[in-house]
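Residue numbers (my numbering), protein chains in the order written: chain P, 31 to 357; chain Z, 31 to 357; chain X, 31 to 357; chain W, 31 to 357.
For glycine and all other residues, C-beta sits at the position ideal for the given N, C-alpha and C.
There are 4 protein chains.
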Amino acid sequence: MSTKPRFSANINTFNSGADRYVLSGYGERYPTEELIRLATSVPGLSGVELVGLWHVNDQNVEQIRRWVKDAGLIVTCVTPDIWASAKWGKGSFASNDPAIRRDAIQEVKKSMDWAKQLDCEVIDLWFGQDGYDYPFQADYIAGWERIVEGVIECAEHQPDVKIVLEYKPKEPRTHCFIATVGKTLLLVQKVNKPNVGAMIDVGHALMAYENTAESAALLSYFGNKLFYMHFNDNWRLWDDDMTVGSIHIIETLELLYWLDRVGYQGWYALDIFPYRENGVRAATESIRWIQALHGLLDKMGRDEIAKVLASGDAMQGTALIREALLG
Amino acid sequence: MSTKPRFSANINTFNSGADRYVLSGYGERYPTEELIRLATSVPGLSGVELVGLWHVNDQNVEQIRRWVKDAGLIVTCVTPDIWASAKWGKGSFASNDPAIRRDAIQEVKKSMDWAKQLDCEVIDLWFGQDGYDYPFQADYIAGWERIVEGVIECAEHQPDVKIVLEYKPKEPRTHCFIATVGKTLLLVQKVNKPNVGAMIDVGHALMAYENTAESAALLSYFGNKLFYMHFNDNWRLWDDDMTVGSIHIIETLELLYWLDRVGYQGWYALDIFPYRENGVRAATESIRWIQALHGLLDKMGRDEIAKVLASGDAMQGTALIREALLG
Amino acid sequence: MSTKPRFSANINTFNSGADRYVLSGYGERYPTEELIRLATSVPGLSGVELVGLWHVNDQNVEQIRRWVKDAGLIVTCVTPDIWASAKWGKGSFASNDPAIRRDAIQEVKKSMDWAKQLDCEVIDLWFGQDGYDYPFQADYIAGWERIVEGVIECAEHQPDVKIVLEYKPKEPRTHCFIATVGKTLLLVQKVNKPNVGAMIDVGHALMAYENTAESAALLSYFGNKLFYMHFNDNWRLWDDDMTVGSIHIIETLELLYWLDRVGYQGWYALDIFPYRENGVRAATESIRWIQALHGLLDKMGRDEIAKVLASGDAMQGTALIREALLG
Amino acid sequence: MSTKPRFSANINTFNSGADRYVLSGYGERYPTEELIRLATSVPGLSGVELVGLWHVNDQNVEQIRRWVKDAGLIVTCVTPDIWASAKWGKGSFASNDPAIRRDAIQEVKKSMDWAKQLDCEVIDLWFGQDGYDYPFQADYIAGWERIVEGVIECAEHQPDVKIVLEYKPKEPRTHCFIATVGKTLLLVQKVNKPNVGAMIDVGHALMAYENTAESAALLSYFGNKLFYMHFNDNWRLWDDDMTVGSIHIIETLELLYWLDRVGYQGWYALDIFPYRENGVRAATESIRWIQALHGLLDKMGRDEIAKVLASGDAMQGTALIREALLG
């Protein structure tokens, strides 16, 4: 039941990270070709994610395809940029402005096309700007109606490209519409297309007081809709985008167990923001942590774990982990 | 579009409150008859909630019916007790023990029967003990399967009694399965019975970083499934069960607006724990706050509010509130 | 006992706001002169805050002095920039690199000099980058020792310029050393200089689960060390930097009461990030909310409030607010 | 620099746990003699904590002394009960009622006397009920003044018994006055007695978004005031009182490192609420986790750790942990 994880990372991992205080970035900026080259220096990394317009566009898609291929990598996901400029500031699919909605859908379709050209199966649909900041600012029902409609239109555009919804409770809006695993599944069911599913971004789920293992189980239970995974870590209350294994070891371990248990076959992609760290080292550490924790599951014994879960005996569970980790 | 709210409260509001430090309670304990009498002393209160076994049972149901009627009150909800004794400590519907599951379902059916005998339309199904405390303690899929199955069985038992699911992210378990508005709607849809819907307990939603107005809109959007409301307030991070209006005035105001907007016709029930306060005063204050905020919506103008929401202009929204509140 | 608040705002309020997703900003960028001009268009605003290097430097300080004066404004605070470029990414006063520490102290001294030249009494010392992101990353004691030493050196540089410490639990680091009102007072006491005190940034305090009124009282109780105030609002869990009055009306009201009660005479400065809002409108709304809530205290009666506080009767408190707000 | 931890636990660990929903408790209740006997069955446990009035009183103190001694145990702490009955519901030392304040101080003095008779060096002063629930409910300055005064009086009563302040942000009040490590140190400094210091309860610190390692360092930095430790774990947002090692392995590891580094010589006491678990097993697991993590520090190398901390290189830190834990 256990598959060996295949790892991917957004090539932006290797670029300078910036935040609202250091807008010019904490590190050095590199061109796309160099970012791809840096990806090849991470042991175990075989896939890369690209962001539409930032890294790939109508002009350079063939060039990018070649660069990635020559680097021995696979494009695992294209992320349409519908959130990184002022234009999208008050929403993309859920904007009150029909022209913005149209453009956002168009942007997603283009990313689906690029994905196809890059032999990439997945696009990542993150509605970061679709939500609201203040009370009495949004018509919630109109927002959902527009998102449902837009996702259906995109799903039909390229039925063989998977649309993976990425939920997040907040940031950049104080409230995002597609906030939790539950809301995401509601959207998936309403849209009701085989090529529309979801990812768990570990940090986003932690912010929502979700247990990622449980969220993975739920996405499986409701129609096998876990299509992709974003790994990172944080201190639970904000999307700190830290390296895997830095805080939540046991929760990550349980997630890895459930990914195998529900037969997850997708990529283990990193979504980290190593603002003050070297991107290659940060990605390398993250992959090593996942590999080591995944290996620990074998040491614990998957049948043994299943027995513990069936018993509901928490002390047996924590002892099993302790013995495997600390002898 | 605006209906005048009708108010209810659990009669336990008027009883001594206890917590894990003061198990013997902060106040005085009263018999059921006295609790009903105390309810009549709260201006504006016309309904009461009862808890199964605590207040109503096979022996006393007729007696209770008469007391409530004589007091001029209506029973708005019966809550089966499937969480307040050691027996349910490791779960009710989702317990690993089939005998416990059986008993829990039986308990709910009894409450449905009592509800019927009391001319009460609603039972409140709260799965407080169904969840887990530790990582590696639960089989999440088994938990959901059992809950789905159990709810279906109950729904079919008395099709004309509404089963209202009450979600809560945690407490008494560190993680409850039916945790958020999204997960609740998933359960409602899976169960797929006309008499199964949900309530929003304001404090539970606040703990989950939900905006209650948005949650009400969602429950309406997905099949008109908002059947009941529990009002209270807290400091956002825990179910403090404080009186309405004590902290989140604007969010409560927006909730009241949306309840009218989606045509909510159900009860405005209080679910407060006035540990150190007099229960009658606490309920009275809560009702006065809701009435006053509801009246403020008229002052603001519901068309005006709709215009603000359609515009997405947060500054217009906050100005509208400020002028109505503070002149 | 009640003084009429005097309002200030960082002139950056009127500039484009950016976050880590929209680095290029949500609005338009303006030159300093225009930002000052925009400040004059906010009713009730009589002060401005400037950031060192961003708005004022050795070359332009006289020019700025004249612009501000001609605009009829007062410079209420100069904030040294020791956090907004990669150089400070791993700390300023607490950096492991002595050269960085030296430069940071130098930067603060320069801001003190500029403050003096601008007839400004206050500089805002915010240690945003002094902290850590990961476990096992920092020597906490060394960090505190360096901060104490650096603040003493700065305090002695210009004894008649007030150094106001601004605490914040996190962001941009996941953990900032000077995180809470308690830690800030420990630092103030350790430094032990008459010109070193603290401010409360409302949003920072809310993130720390502080009640701002209580924090103001504490800063008064321990040596009358509340020197300045930053107003804004948020959803409690992150520094959303929203307009005043948008969420926490009652807590803001209580804060205003205590500011008067402890004899606070300093500025009521806005520190908001109106990313998607017009800065002038956002500042105007914030001031109007503060003015209206301040006025409400008179309506409630300060003696009446004192009586309620002395009684500890929460229901009397909430009724008093309700009647004043909603009649 | 590393001392082998000595372990203690409140004997209540072995008693039935209750919460506000299951007031009658999740398990079985035992008499004190049996609780002491159960303590002896936990491998590695050599100390016990007692609660005043619950376990020890003027009548039975000699009897208790003998039972504990015969069991081969040491009483490490007596906790005065000034929070577990309705009497203290609105405060103990900070109560508005001078008679209650007097009684609370008396209760603490009695616990100090019992501690002395039991050869116990420490009493645990936890102000759980001293705070407030609602805005506009408390006079914060009066509260602090009363607490300062009361602690001084107690400190002088038995100068050779250590008074250990236990801070907690909330529960049972929504806001406790002595809430954070910073506020606790302010109180310690204000009281200024050699026998008054503090403990860190790990779960309370986690709730306050403190890093416990940093809090230990601070308590050392400000006058060597870390006198005692309470271990447990939680999900960060509430005092779940779970077994050690269940969630925050790395933060616990860093704490253990700093306890050694600052020369902490006190007890490693458990403060867990194993509601649904067997108390003996829960205590045993907790001790094994602490022992194993403490041993891991040797494997990592304390000099190596010090080098990493001095470098500030987070990736080196996480790699060091990973290699020690997972090979």
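- Only those residues of the region 145–163 of chain W whose C-beta falls short of 9 Å from the nearest C-beta of chain Z are listed: 158, 159, 163.
- The three-state secondary structure of residue 143/W, taken from DSSP, is helix.
- Taking CB atoms only, residue 121/P has no neighbour in chain W less than 8 Å away.
- When the Cα atoms are used, residue 158/W and residue 211/W turn out to be separated by approximately 15 Å.
- By the criterion of at least three beta-carbon pairs nearer than 8 Å, the region 321–328 of chain Z is not in contact with the region 254–263 of chain X.
- For residue 113/Z, a Cβ of chain W is located within less than 8 Å of the residue's own Cβ.
- Using a Cβ-Cβ cut-off of 9 Å, residue 340/X is close to 126, 169, 172 of chain W, given in chain order.
- Taking residue 222/W as reference, the option from 163/W, 231/W, 183/W, 197/W with the minimal CA-CA separation is 183/W.
- Against chain P, a Cβ distance below 9 Å from residue 61/X picks out nothing, because the smallest value is about 17 Å.
- Put simply, the backbone Cα of residue 38/W is about 50 Å away from that of residue 67/Z.
- Contact between residue 147/X and residue 344/W does not hold, since their C-beta atoms are separated by about 41 Å, which reaches or exceeds 8 Å.
- For residue 282/W, no CB of chain P lies under 8 Å from its own CB, so it is not counted at the interface with that chain.
- In the structure shown, residue 218/W falls within a helical segment according to DSSP collapsed to helix, strand and coil.
- Here DSSP, grouped into helix, strand and coil, assigns residue 173/W to helix.
- Under DSSP, residue 300/Z forms a beta bridge with 39/Z, 261/Z.
- Against chain X, the CB of residue 74/Z has no partner CB under 8 Å away; the residue lies outside that interface.
- Between residue 180/W and residue 79/W, the alpha-carbon positions lie close to 23 Å from each other.
- Against chain W, a Cβ distance below 8 Å from residue 307/P picks out 344, 345.
- Distances from the alpha-carbon of residue 55/W to those of 118/Z, 65/Z, 124/Z put 118/Z closest.
- In chain order, 55 place their CB closer than 6 Å to the CB of residue 48/X, counting only its own chain and leaving out the 5 sequence neighbours on each side.
- A direct Cα-Cα distance of roughly 21 Å separates residue 175/W from residue 110/W.
- Beta-bridge partners assigned by DSSP to residue 156/Z: 196/Z.
- The three-state reading of DSSP puts residue 238/W in coil, since its state is none of H, G, I, E or B.
- The C-alpha of residue 316/Z lies about 45 Å from the C-alpha of residue 105/X.
- The straight-line gap separating the alpha-carbon atoms of residue 289/P and residue 115/P is approximately 35 Å.
- Out of 250/W, 195/W, 200/W, the CA that lies nearest to the CA of residue 214/W is found in 195/W.
- Annotation: residue 313/Z to residue 95/Z spans about 22 Å, alpha carbon to alpha carbon.
- Following the DSSP letters along the chain, one finds residue 63/P inside the alpha helix (DSSP H) bounded by residues 62–70.
- Among the residues of the region 247–258 of chain Z, those with a Cβ less than 8 Å away from any Cβ of chain P are 247, 248, 250, 251, 252, in the order of the chain.
- Interface annotation, residue 37/P: not in contact with chain Z, CB-CB separation never under 8 Å.
- For the pair of segments examined, the region 70–90 of chain P was found to touch the region 136–143 of chain P: the number of CB pairs separated by less than 8 Å reaches three.
- A residue is called buried when at least 16 other Cβ atoms come within 10 angstroms of its Cβ; residue 35/Z meets this threshold and is buried.
- By the neighbour-count criterion, in which 16 or more other beta carbons inside 10 Å mark a residue as buried, residue 321/W falls on the buried side.
- Taking a beta-carbon distance threshold of 8 Å, residue 279/P counts as an interface residue toward chain W.
- For residue 228/P, the secondary structure class from DSSP, reduced to helix, strand or coil, is strand.
- Interface annotation, residue 235/X: not in contact with chain P, CB-CB separation never under 8 Å.
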